[in-house]
Every structure is written in structure tokens, then in C-alpha cells.
Ligand SMILES: Nc1nc2c(c(=O)[nH]1)N[C@H]1C(S)=C(S)[C@@H](COP(=O)(O)O)O[C@H]1N2
Ligand SMILES: [Mo]
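Numbering (this note's numbering), first residue to last: 36 to 478.
Okay, here's the thing in C-alpha cells:
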């Protein structure tokens, strides 16, 4: 074992035994780590990776650093905090060849750089049809009209007088993983799976606002319209609107970001992202979907026989391993290894996530950690002892309805290869060795 080697090295050439290295070799620290570790498998590796640095007389321990010698900035230097400059690579990215211009385009959440279940506000992927609308909240109005007893116009202040709720929900664009329908294409989970974010929303139930307006008995559909220059509209069945839709004005504890629809957006839990209208300004009640509009018929799934699936609103269970992945390969040798990823379902919670190291031949139950919330991202971990050999990593999610995330070939046998939307097939990463992971498919 390579870990064993480090141990021996420290035993024979320890001219620089500092307090730090003593602490990390001491029995109390080791037993703490042993007790705290979730996997006895990983602990079987013997000494922990952390002993390596101490063994070689690490200057990070032996030498005084700048931050250890000089005073730092005061409390008035950063009125709105930003991440450490050492984290400047953690950004949204777009794929330039994907769209003709960056105005009607999309960028992707850096899933491989994140942990837990909440997407930081500045890293939530963006999808705009006509760029970011910069809306003055004082001039913004939300109108409810159509088949209602009493048409209403709300200011932002009016909206904030209704009872509020907080919910963490994922939003996934229906086109997420769309480029992967015909085969492995993009090298990184940011690009294959990054059209998803998970935000803690604060807002008011749409049902409260609709009750105020009084929906007429024949009303069965809702048209939602945005205030951006594309005046994007979407038809939503009234049943869903009354069930759990939220008119949200805050994300992750503060006002919505302009990119996410400031000052107010529609939240349509579990359903495809295009229906979550941003910069929401108009809600019209009708008795049929607004099918004549180009936008409502665009989101269809073309099947092999030329027929198309339509009104496929719910996002089925899906998962992806975020680390290791092509943008975040394993950087260490064999031994103690943490694998992690995300799982979600538009139909409820995630009951279980299985992980395979051998391309789906054998499966191990992963450990879901953190809150398991309805229609929210779930974080999973699999702690294992890597033998240093190539791996074919896969994850599969099982949701609270019992639905099991399908393989890509199972999905293709039902849907063909002409679709763009709703690709929730199992992703495979080929770990070739330290520093190298590739997007592949196994048959
Ligand atoms: N007004 C408006 N709402 C919109 C869009 C838009 O272009 N304009 N894009 C939709 C699409 S296709 C998606 S996937 C989500 C993306 O939300 P996000 O930008 O917060 O990631 O917003 C939806 N709501
Ligand atoms: Mo979308």
C-alpha cells in the first residue's frame, strides 16, 4: 500500500517532527477519525492520507505564512462578501458552440465544485430567451386576469402581505443532458448535468393569489408571462397551479438575483424548468392550454417512429456522480476515497442511491446525507478503498414512488435517439487513473 510507504518514510527520516505531525500520528486523532468515519472499508487502508504531508517535512507546516504575520482587512472592507480568490475557478460556464449568441442561451452550474444540497446564488445556471431583464421592483406589477371574478394587479409590497412559505426545490431544464442522447459528448458533469440548481425559495402560494381573484368554475388553465423582452409565456394546468406553485421573491435568504427573475418568479416544483417563468408579470386564467403559441408546443419529445411525447412536465428521477468526474478527477493514489453526487426526482424524495464501480455489474448502496426534502436535490456519498485500478462509475436513483433511474440504452429503447428533452439515463465516468476521468458509455 502506498500509505504504508509514507508511514515507513516518516519512521526512518523524521528530523523534522513538528507538533503538527505528532498530532496527526497520535492515537487520539486516529481513533477520532476511526470513530467518525462512515465506512470501515476505507479505514481498512491503514494509515490515513493526511500523514503524507507530515512525513516529508512540509514547508506549509514548518514556515510562517503571510496571513500568519500581517493584519487582515477590517470589517468595512467587504460589505457584501465574495468567495476567496483561491476559488475563482468556481464559476458558471457556457458552451460557445451550443447557441448562436449568449443572449438567448444557457450556462451551467459547476456541480463538481459544490457540496451539500443548496446551490450558491451566484452559481445557479442561467437560461434566458432574451437576456437578463433588469427590473425596477417599484415599477413591477403582477396582473391576474381572464376567467376570474375580480382581475387584480399586485405591487411587490402587495405580494409581501400574503402568508409566506420557505421550500428548497430543484429546477432542471428539460434539455439538461440533451446533448448526450446519441452518445457521450461533453467532458464534465457541469456540461452534461449542470442545467439544474437547488434553491431555498421564500414566497407566497399561488393558490392564495388565485383565491383572492376568484377563479371562475370553467377556469382550468393558467398562462404565465414574463416581463423580459421575449415575453415568455407558458401554459400550466390549474390543478398544478393550485397544488404547490409558489410566487417567489427570495432565494437562499435574500432577494432573487436578476438572473433568476428578480423581483419575482414562478416556482413549479418538480416540473420542467421552462415553466418557471422569471420576472413574472401576468397570470391569465383560461379553459384550455394556449396551444397556438409556438412556445407551448416546442417542448416535445420526438420518438423513433416520428410521434412525439407532449405535456411531459414532470422531471423523472435522475442522479450524477459529481466527484470524481472529468473536471474533478481523483488526484491521489489508491486508498481511502470519497465519491459524491446528487440525486433528485420531480415526484418526491429520493429513497436510495446505488453506486457502481464496474459499469453497472455490481451495485452498492450510497449514503444519503443532509436533508431529504420533497422535489429537492439530495446529496449522496460512497466512501471506499480504491485499489488504484480503472473504474467505471455509475449512480442510479430510486425515488419515493419506487421508480428506478433507467440506463441510457433502456431509455433509448423506449424513446429512440431523436429526443433532446428528458434524458435521465444513468451516466458513466471512466476513471483511468489519478488525474484522468472521461465521459463514456457502457453497453
Ligand atoms: N421570463 C422568462 N422566464 C424563463 C425563461 C426565460 O427565458 N424568460 N427561461 C426558462 C427556462 S427554459 C428555464 S430552464 C428556466 C431557467 O431558470 P434559471 O435561469 O433560474 O436557471 O427559466 C425559465 N423561465
Ligand atoms: Mo429550459
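Backbone N, C-alpha and C define an ideal beta-carbon position, used for all residues, glycine too.
Predicted model, so just to flag it, every value in this text is computed and none were measured.
Beta-carbon proximity of residue i to residue j, cut-off 9 Å
{"i": "residue 315", "j": "residue 301", "result": "yes"}
{"i": "residue 259", "j": "residue 206", "result": "no"}
{"i": "residue 428", "j": "residue 356", "result": "yes"}
{"i": "residue 139", "j": "residue 165", "result": "yes"}
{"i": "residue 242", "j": "residue 278", "result": "yes"}
{"i": "residue 377", "j": "residue 203", "result": "no"}
{"i": "residue 366", "j": "residue 453", "result": "no"}
{"i": "residue 225", "j": "residue 128", "result": "yes"}
{"i": "residue 384", "j": "residue 444", "result": "no"}
{"i": "residue 533", "j": "residue 381", "result": "There is simply no residue 533 to check, as the chain begins at 36 and stops at 478 in what is shown."}
{"i": "residue 191", "j": "residue 299", "result": "yes"}
{"i": "residue 235", "j": "residue 133", "result": "no"}
{"i": "residue 94", "j": "residue 362", "result": "no"}
{"i": "residue 293", "j": "residue 364", "result": "no"}
{"i": "residue 152", "j": "residue 287", "result": "no"}
{"i": "residue 374", "j": "residue 352", "result": "no"}
{"i": "residue 320", "j": "residue 180", "result": "yes"}
{"i": "residue 106", "j": "residue 187", "result": "no"}
{"i": "residue 325", "j": "residue 270", "result": "yes"}
{"i": "residue 289", "j": "residue 156", "result": "yes"}
Residue i - DSSP class collapsed to helix/strand/coil
{"i": "residue 429", "result": "strand"}
{"i": "residue 443", "result": "helix"}
{"i": "residue 391", "result": "strand"}
{"i": "residue 472", "result": "strand"}
{"i": "residue 458", "result": "coil"}
{"i": "residue 160", "result": "coil"}
{"i": "residue 268", "result": "strand"}
{"i": "residue 247", "result": "helix"}
{"i": "residue 92", "result": "coil"}
{"i": "residue 396", "result": "coil"}
{"i": "residue 104", "result": "coil"}
{"i": "residue 300", "result": "strand"}
{"i": "residue 413", "result": "strand"}
{"i": "residue 463", "result": "strand"}
{"i": "residue 123", "result": "coil"}
{"i": "residue 227", "result": "helix"}
{"i": "residue 37", "result": "Residue confidence is low: residue 37 scores 35 on pLDDT, short of 50, so the model does not pin down where it sits. No coordinate-derived value is stated."}
{"i": "residue 196", "result": "coil"}
{"i": "residue 242", "result": "helix"}
{"i": "residue 381", "result": "coil"}
{"i": "residue 98", "result": "coil"}
{"i": "residue 233", "result": "strand"}
{"i": "residue 220", "result": "coil"}
{"i": "residue 146", "result": "helix"}
{"i": "residue 354", "result": "strand"}
{"i": "residue 113", "result": "coil"}
Own chain, CB closer than 6 Å to residue i, minus 5 neighbours either side, in chain order
{"i": "residue 433", "result": "386, 387 and 439"}
{"i": "residue 534", "result": "For residue 534 there is no data in the structure shown, the boundaries of the chain being 36 and 478."}
{"i": "residue 403", "result": "413 and 415"}
{"i": "residue 426", "result": "392 and 466"}
{"i": "residue 148", "result": "125"}
{"i": "residue 399", "result": "390"}
{"i": "residue 283", "result": "236, 238, 300 and 302"}
{"i": "residue 431", "result": "389, 440 and 461"}
{"i": "residue 101", "result": "none"}
{"i": "residue 263", "result": "165, 168 and 314"}
Own chain partners of residue i with C-beta closer than 8 Å, once the 5 adjacent residues on each side are dropped
{"i": "residue 261", "result": "168, 267, 268, 296, 312, 313, 314, 315 and 316"}
{"i": "residue 76", "result": "Bear in mind that the predicted position of residue 76 carries a pLDDT of just 40, short of 50, making it unreliable; the figure below should be weighed with that in mind. Cβ neighbours of residue 76 beyond the five flanking positions: 418, 419 and 420."}
{"i": "residue 253", "result": "182 and 322"}
{"i": "residue 285", "result": "236, 237, 238 and 291"}
{"i": "residue 478", "result": "444"}
Other residues of its chain near residue i: CB distance less than 7 Å, five sequence neighbours each side excluded
{"i": "residue 265", "result": "164 and 165"}
{"i": "residue 240", "result": "200 and 281"}
{"i": "residue 209", "result": "307, 308, 309, 334, 456 and 457"}
{"i": "residue 483", "result": "With the chain running from 36 to 478 in the structure shown, residue 483 is simply not present."}
{"i": "residue 71", "result": "Unreliable placement is indicated for residue 71, whose pLDDT of 35 sits below 50; the coordinate value is still reported in the next sentence. If we look at residue 71 and ignore the five residues flanking it on each side, it has no Cβ neighbours."}
{"i": "residue 142", "result": "127, 128, 129, 160 and 161"}
{"i": "residue 305", "result": "349, 350, 381, 382 and 410"}
{"i": "residue 212", "result": "227, 228 and 458"}
Inset, instruction - Under 6 Å from any heavy atom of ligand 2, by CB: list those residues in chain order, please. - result: Checking every Cβ against the heavy atoms of ligand 2 under 6 Å gives 162, 208, 209, 210, 308 and 309.
Inset, instruction - Evaluate contact between the segment 227-245 and the segment 399-407, counting only Cβ atoms and requiring at least three cross-stretch pairs below 8 Å. - result: In short, these stretches do not touch, since the Cβ pair count stays below three.
Inset, instruction - For the segment 350-370 and the segment 242-254, state whether three or more C-beta atom pairs, one from each stretch, are separated by less than 8 Å. - result: Contact between the segment 350-370 and the segment 242-254 is absent, because fewer than three Cβ pairs lie under 8 Å.
Legend entry - Any 3 or more C-beta pairs closer than 8 Å across the segment 452-460 and the segment 417-424: As far as the Cβ criterion goes, the segment 452-460 does not touch the segment 417-424, which means the pair count is below three.
Inset, instruction - Taking 8 Å as the threshold, find out whether the segment 463-478 comes into contact with the segment 213-223 through three or more Cβ pairs. - result: Touching, per the Cβ criterion.
Inset, instruction - Would you check if there are 3 or more beta carbon pairs closer than 8 Å linking the segment 463-470 to the segment 347-363? - result: Touching, per the Cβ criterion.
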